[in-house]
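Quick notes on the structure that follows.
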Amino acid sequence: MKEESAMSLAFHVYHPGAKAIFDVTSTLITGEKDAFLVDAQFQKQYAEELVQLIKDSGKELKVIFISHFDPDYYFGLDVLADAFPKARILSTAQTAWMISASRDDKLTIWKKALGKDAPSRFILPEAVKELPKLEGEEIKIVTCPDDEMHSFLYVPSEKTVLGGVSLAEDSHPWMADTKGLDELDKWIRQVETMASLAPEKVIASHHYNDEKKGHPAILSCTLEYLKYYREALASGKTADAIVSMMSEKYPSLGGKDTLAFGARVITGVEPW
Numbered sequence: 000m001k002e003e004s005a006m007s008l009a010f011h012v013y014h015p016g017a018k019a020i021f022d023v024t025s026t027l028i029t030g031e032k033d034a035f036l037v038d039a040q041f042q043k044q045y046a047e048e049l050v051q052l053i054k055d056s057g058k059e060l061k062v063i064f065i066s067h068f069d070p071d072y073y074f075g076l077d078v079l080a081d082a083f084p085k086a087r088i089l090s091t092a093q094t095a096w097m098i099s100a101s102r103d104d105k106l107t108i109w110k111k112a113l114g115k116d117a118p119s120r121f122i123l124p125e126a127v128k129e130l131p132k133l134e135g136e137e138i139k140i141v142t143c144p145d146d147e148m149h150s151f152l153y154v155p156s157e158k159t160v161l162g163g164v165s166l167a168e169d170s171h172p173w174m175a176d177t178k179g180l181d182e183l184d185k186w187i188r189q190v191e192t193m194a195s196l197a198p199e200k201v202i203a204s205h206h207y208n209d210e211k212k213g214h215p216a217i218l219s220c221t222l223e224y225l226k227y228y229r230e231a232l233a234s235g236k237t238a239d240a241i242v243s244m245m246s247e248k249y250p251s252l253g254g255k256d257t258l259a260f261g262a263r264v265i266t267g268v269e270p271w
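Here numbering that gives the first Met the number 0 is used: the first residue of the sequence shown is 0, the next is one more, and so on.
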């Protein structure tokens, strides 16, 4: 776990690396005595690693916030809840509703691949509109008015954005849940909202390059990518043509399979 110190709060960013099915980020935000956790890992073994890292911090875990309804953000909740029974488990109402509506289907899809790493039980987060303060410091839930299904966190005192599902570092973004140009435009507007805050640190939900982790340039890079993808989609390109264009434009990005699958889904070739 790498500690990234700011002012009165510190950000400890954990991700399991390439050995995991999803290299998803969990972020421990700590004050002098207390801590908040953002996201709970996908596989049980990495949730267990996260538990140990939280215990090693010496802080009292007050809140576990689930930033999104995809299973890589919450399948590890049972492990964390057992280890920290006093911590409140929170999310937006939209995230809680989507978890409730989709969790059984998601487990059916992933149970074989997960094996012993599958969750033993599901825990539904408590729906909230705002988070309690962490030792007097605000951690804001920011939701765009036209897209309540997606949100991100902003810590004003540290000028830090936790971008959630909208940001992935050094990999093609997951496009399969984006249903056409309208939702792509909403995604662009959300990243523009993040950029308007002029953050000094930006923590993405998925990491692939430890050297770049936390750099705010991810916002401009993501916007450029999304706008270029939008041009390809709006011009009626086929899935194969989109893959070719994006691969040529961004040859060093990881996640080639993610790019190909997303292009097939967003163009209607493959259901999801």
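Even for Gly, the Cβ is constructed at its ideal location relative to N, Cα and C.
{"Asked": "Assuming Ala-86 and Lys-61 form a contact by the criterion Cβ under 8 Å, report the distance between their Cβ atoms to the nearest whole angstrom.", "Found": "6 Å"}
{"Asked": "Touch check for the region 38-51 and the region 130-147: three-plus C-beta pairs under 8 Å?", "Found": "no"}
{"Asked": "Might you give, ordered along the chain, the residues of its own chain that have their beta carbon closer than 6 Å to the beta carbon of Arg-229, omitting 5 neighbours on each side?", "Found": "Leu-183"}
{"Asked": "Would you kindly report the start and end of the unbroken beta strand (DSSP E) that includes Gly-163?", "Found": "159-167"}
{"Asked": "Return the chain-ordered list of same chain residues with a C-beta closer than 6 Å to the C-beta of Pro-215, the five sequence neighbours on each side being excluded.", "Found": "Pro-198, Val-201"}
{"Asked": "In terms of residues, what are the limits of the alpha helix (DSSP H) holding Met-245?", "Found": "238-248"}
{"Asked": "With a 10 Å radius around its C-beta and 16 neighbouring C-beta atoms as the bar for buried, classify Ala-231 as buried or exposed.", "Found": "buried"}
{"Asked": "Quick one: what does DSSP say Phe-21 is sitting in, helix, strand or coil?", "Found": "coil"}
{"Asked": "May I have the straight-line CA-CA distance separating Trp-109 from Phe-21, to the nearest angstrom?", "Found": "12 Å"}
{"Asked": "Name the residue from Met-97, Pro-250, Gln-42 whose alpha carbon lies nearest to the alpha carbon of Ala-112.", "Found": "Gln-42"}
{"Asked": "Use the C-beta contact count for Gln-51: other C-beta atoms within 10 angstroms, 16 or more gives buried, fewer gives exposed.", "Found": "exposed"}
{"Asked": "Answer with buried or exposed for Glu-125, where buried requires no fewer than 16 other C-beta atoms within 10 angstroms of its C-beta.", "Found": "exposed"}
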